[in-house]
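Below is one structure, written out as structure tokens; the observations come after it.
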Amino acid sequence: MNRRMIALALGTAALVPAVPAHALPMPTAVRAAPVAEVTTLADAVGLVEVTEEARTGYTRSSFRHWNAGENTTDGCNTRNEVLIAEAVVAPTVEAGCKLTGGTWRSYYDGQEVTSAGSLDIDHMVPLAEAWDSGASAWTAARREAYANDQGSDVSLVGVTARSNRQKSDQDPADWMPPSPDAQCRYIGEWVSTKLRWQLTADDRELEALKVYADGPCEDTIVRYTPAV
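Under the working numbering, the sequence shown has 205 at position 204, and the numbering climbs by one with no breaks.
This is the structure:
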């Protein structure tokens, strides 16, 4: 830029009135990221709100899944992304996200599985139970986020189809993993998921949770980050 142009630019700038500081727009507030919470199982159970449950209006299709997953560019849906993440021996990922090989451990029943097709991806808190516990009031988008939640590594879990079908939509008052070694982990992850999504519990469920929290699982630690 030559001197004449610089002079013209400076002259033009001088004609623009200064804007008082108080007239400038306020910066947009930035929402703070949710803070991870860590507490004992007993204290975590005490944070779960208790209310009656109602299944009126529930359909499985109210929760869209499986969607394009956490990585929308990898060609894998949520189910396969969870399987890849949880494999103890990584599978080969072929075209179309077809999984071959690999090894998984279904912690509900302690079974080792070497075929991805033999596994179900279980929602730790089943979709119907989530509906009963508050999801009936959510938007469709939030229900989809819940059904495909990979923001927590306990929300979705690969287990044998048999154990998943046995569990169905039951809460811990009516079903627990058959492997005793899995039960404290399961209770902790159940409560973690309820708190993450601000889901409630009914009286029977709460009493079952307290039995474990005050007894064999008293040393269990619960970690959760509230879903946004």
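Just so it is clear, CB atoms sit at the ideal spot from N, CA and C, and this is done for glycine as well.
Just curious, the alpha helix (DSSP H) that Gln-112 is in, first and last residue?
Here residue 112 refers to the residue found at position 111 when the sequence shown is read from its first residue. No alpha helix (DSSP H) holds Gln-112; the beta strand (DSSP E) holding it covers 112-114.
Quick check: the segment 169-178 against the segment 93-105, are there 3 or more CB pairs under 8 Å?
Contact fails: fewer than three Cβ-Cβ distances are below 8 Å.
By DSSP, does Ala-22 sit in helix, in strand, or in coil?
As a first step, residue 22 is located in the sequence shown; it is residue number 21 there, counting from the start. Only weak support exists for where Ala-22 lies, its pLDDT of 48 falling under 50; the coordinates are left without a value.
With three or more C-beta pairs closer than 8 Å as the rule, is the segment 181-193 touching the segment 134-143?
Judged by Cβ distances under 8 Å, the segment 134-143 makes no contact with the segment 181-193, as fewer than three pairs qualify.
Assuming Val-90 contacts Gly-159 under a Cβ cut-off of 8 Å, what Cβ separation, rounded to an integer in Å, is found between them?
For this step, residue 90 is matched to residue 89 along the sequence shown. For this step, residue 159 is matched to residue 158 along the sequence shown. Val-90 to Gly-159, Cβ: 13 Å. No contact.
Give the DSSP-derived three-state secondary structure of Trp-105 in the structure shown.
In the sequence shown, the residue the question calls residue 105 occupies position 104. Trp-105: strand per DSSP, three-state reduction.
First and last residue of the beta strand (DSSP E) that includes Arg-186?
Taking the first residue of the sequence shown as 1, we reach residue 186 at position 185. Element bounds for Arg-186: not the beta strand (DSSP E) but the alpha helix (DSSP H), 184-197.
Is it a yes or a no for the segment 57-66 touching the segment 214-227, going by three-plus beta-carbon pairs under 8 Å?
Result no; under three Cβ-Cβ pairs closer than 8 Å.
Suppose the cutoff is 6 Å on Cβ atoms and the five residues either side in sequence are ignored; what does the same chain contact list for Ala-45 look like?
The count along the sequence shown starts at 1 and reaches residue 45 at position 44. Closer than 6 Å at the Cβ level, and outside the excluded window around Ala-45, lie Val-192, Val-223.
Entirely within the segment 198-227 and at least 3 residues each: give me those beta strand (DSSP E) ranges in chain order.
For the segment 198-227, whole beta strand (DSSP E) runs of length 3 or above, ordered along the chain, are 222-225.
Exposed or buried, what is Thr-74 when buried is set at 16 or more other beta-carbons lying within 10 Å of its beta-carbon?
Position 73 of the sequence shown holds residue 74. It counts as exposed.
Nearest CA to the CA of Tyr-213: which residue from Trp-198, Thr-201, Leu-200, Tyr-187?
Residue 213 sits at position 212 when you count from the first residue of the sequence shown. Answer by Cα proximity: Tyr-187.
Could you compute how far the alpha carbon of Trp-105 sits from the alpha carbon of Ser-63?
One-based indexing of the sequence shown puts residue 105 at position 104. One-based indexing of the sequence shown puts residue 63 at position 62. Roughly 29 Å separates the two Cα atoms.
Beta-carbon within less than 6 Å of Leu-157's beta-carbon, same chain only, minus the 5 sequence neighbours each way: which residues are those?
As a working mapping, residue 157 is identified with position 156 in the sequence shown. Hits under 6 Å: Val-83, Ile-122.
Short of 6 Å in beta carbon distance, which residues of its chain neighbour Glu-113, apart from the five on each side in sequence? Order them along the chain.
Within the sequence shown, the letter at position 112 stands for residue 113. Around Glu-113: Arg-106.
Between which two residues does the alpha helix (DSSP H) holding Asp-230 run?
Nothing can be reported for residue 230: it is not among the residues displayed for the chain, which extend from 2 to 229.
Determine which residues share a DSSP beta bridge with Glu-95 and list them.
The residue given as residue 95 occupies position 94 in the sequence shown. Answer is Lys-99.
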